[in-house]
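Reading the sequence shown from the start, the letters are residues 1 to 432 in the numbering used here. For reference, the structure discussed in these notes is given below.
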Amino acid sequence: MLQGSSMLPEATEAMPRAGPRRWLVAGFPALRHRNFRLFVAGQGVSLIGTWMQSVAQSWLVYRLSGSRFALGLVAFAGYLPILCLAPAAGVIADRVDRHRLIILTQALAMLLALALGVLVALNAVTVLAVVLVAGCLGAVSAFDIPVRQAFIVEMVGAEDLPNAIALNSSIFNAARVVGPALAGSLVAAVGEAACFFLNAASYLAVLAALLSMRLDRIRRSGETPAPVLAGFLSGLAYVRREPALRNLLVLLGVVSGLGLQYAILIPVFAKEIFHAGATGYGLLVTAAGIGSVVSALHLAARRYSRAQHRRNLLVGLAMFSIGALGLTASRRLGLALWFQAIAGYGAIRYLATTNTLLQLLVDERYRGRVMGLHTVMFLGTASAGSLVVGALAQRFGASPAAAFAGSVSLACACWLGTRLRRLAVRERQAAA
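Take a look at the structure:
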């Protein structure tokens with residue numbers, strides 16, 4: 001939790017005065033902070049490009065190799081650096097200028113997207129080249145993600161943090177609706193290179209937003225930096241001492257490492273089961289994005305108590321499991337789109353609530369390190385999970401592999417329900 005007000009940004013001068021904007025801020029209070037408004041605007045453009053690249057990259061790999069395992073291999077290459085580097089990145093997030101580091105990571109990601117576009121345009125791309133680019137982008141993301149997560153509280157303060165996280169998730173998933181749909185159409189019309197070039201160009205928006213921020217509104221603590229290894233170990237010890245943080249992170253690792261990895265098989269479902277090609281693939285990802293946007297806006301529209309946050313965890317995880325398992329049983333694209341929307345809604349309700357609880361519970365001194373561990377559990381564990389799901393799909397088929405992933409999530413939901421029920425009983429007994 002925040003200690004005092006050393007990181008609370010001044011908000012009153014950033015309050016919009018126009019009628020419609022005042023109404024918007026009343027509903028979404030995080031938008032009263034100028035730096036956060038800039039951040040959201042830049043992210044909104046850039047993330048559309050990111051989703052376009054994600055869809056185009058998966059389709060490119062499957063087109064080049066025809067291998068389901070290759071899809072898992074590329075995902076593994078992107079996630080492995082996160083698993084290895086994010087703990088150190090979390091320590092660094094607690095000791096460097098986060099704003100400058102985000103500018104650097106966004107610029108590097110732009111160059112990687114441009115490089116992949118050039119390779120495809122020159123017809124010189126191979127699966128190995130995509131694996132290498134994915135690995136480099138994973139290394140950049142290992143630093144970018146925990147720093148961006150920790151940077152949010154610097155822009156809005158503790159009071160508006162849950163709303164800011166939900167809004168950030170809304171922007172991410174709104175882009176998830178637009179980006180894949182555009183990518184599916186572009187890939188079908190002109191090929192994958194256009195998506196990579198447009199993604200590179202989209203980074204200019206977030207870079208412009210970051211450079212336009214008024215940094216005097218962001219105050220930093222003067223804590224003396226610790227060595228990276230010592231800082232990481234102290235953060236790990238802190239999480240071990242805090243059962244709520246520990247349970248949230250372990251559960252996230254299992255769900256993300258196996259449950260969420262059903263998504264790497266979506267190109268296979270689109271091509272081999274629904275016979276819908278790149279356009280169908282884009283629609284499936286877009287459907288999940290629509291569910292995610294609805295979920296994120298639902299979370300952003302109100303404030304929740306601690307008990308309501310816990311309920312959101314359970315409901316979200318259960319809905320995601322139902323959607324993922326429903327997709328595996330579908331043989332018609334129309335029905336699959338509905339299940340994808342349910343999975344998207346549930347996933348964001350669970351993931352955004354996990355993020356919110358972590359950021360509300362954490363001691364400010366450990367924020368970067370805890371968000372680094374969050375990144376490891378959210379994305380780093382997927383390095384092994386994507387290989388497992390890809391190998392299962394290669395051996396048994398896409399539907400059984402995706403069903404396995406969905407079943408893992410459902411088992412986690414059952415475990416969480418049992419834990420929350422016991423916790424509620426203890427709290428009632430303590431209050432009696």
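Where a beta carbon is used, it is the ideal one built from N, C-alpha and C, also for glycine.
Rounded to whole angstroms, the separation of the alpha carbons of R426 and V131 is 49 Å. Boundaries cannot be given for E159, as no alpha helix (DSSP H) includes it and DSSP labels it neither H nor E.
Ranked by Cα distance from T286, the options A403, L337, F39 are led by L337.
If you draw a straight line from the Cα of K271 to the Cα of Y281, it comes to about 8 Å.
Taking the CA atoms as reference points, G235 sits about 6 Å from Y366. With a cutoff of 7 Å on beta-carbon distance, G346 and M319 are scored as near each other. A324 is positioned such that its CB atom lies closer than 7 Å to that of Y262. The beta carbon of A405 sits closer than 6 Å to those of L258, G259, Q261, Y262, V389, all from its chain and outside the five residues before and after it, given in chain order. Between A164 and G368, the gap from beta carbon to beta carbon reaches 7 Å or more.
Closest option to V177, judged by alpha-carbon separation, among A113, I48, V91, L204: I48. If one requires a minimum length of 4 residues, the alpha helix (DSSP H) runs lying completely within the stretch 159–197 are 161–189, in chain order. For Y62, the uninterrupted alpha helix (DSSP H) segment begins and ends at 34–65. Here T126 is exposed, its C-beta having fewer than 16 other C-beta atoms within 10 Å. Taking L360 as the centre and dropping the five residues before and after it, the same chain places the C-beta of M1, A158, L161, P162 closer than 8 Å to its C-beta, in chain order. Per DSSP, the unbroken alpha helix (DSSP H) holding L297 starts and ends at 277–300. Note on geometry: alpha-carbon atoms of F274 and G66 lie some 16 Å from one another.
Under the criterion of beta carbons closer than 8 Å, P180 and G289 qualify as touching, at roughly 7 Å. A check of alpha carbon separations from L317 across L416, A341, G291 identifies L416 as the nearest.
For D363, the three-state secondary structure derived from DSSP is coil. In the three-state reduction of the DSSP assignment, M319 falls in the helix class.
Taking 8 Å as the upper bound for CB-CB distance, F196 and A75 are not in contact here, some 17 Å apart. Out of A150, A121, C136, L116, the CA that lies nearest to the CA of V96 is found in A150. Closest in alpha carbon position to P243, among L423, L101, V153, G44, is L423. N355 carries a helical assignment under DSSP once its states are collapsed to helix, strand and coil.
Nearest to L249 by alpha-carbon distance, out of R148, V187, L351, is L351.
The shortest CA-to-CA distance from Y79 to any of L31, C136, V147, V40 is the one to C136.
Where F378 is concerned, there is no enclosing alpha helix (DSSP H), because DSSP gives it neither an H nor an E.
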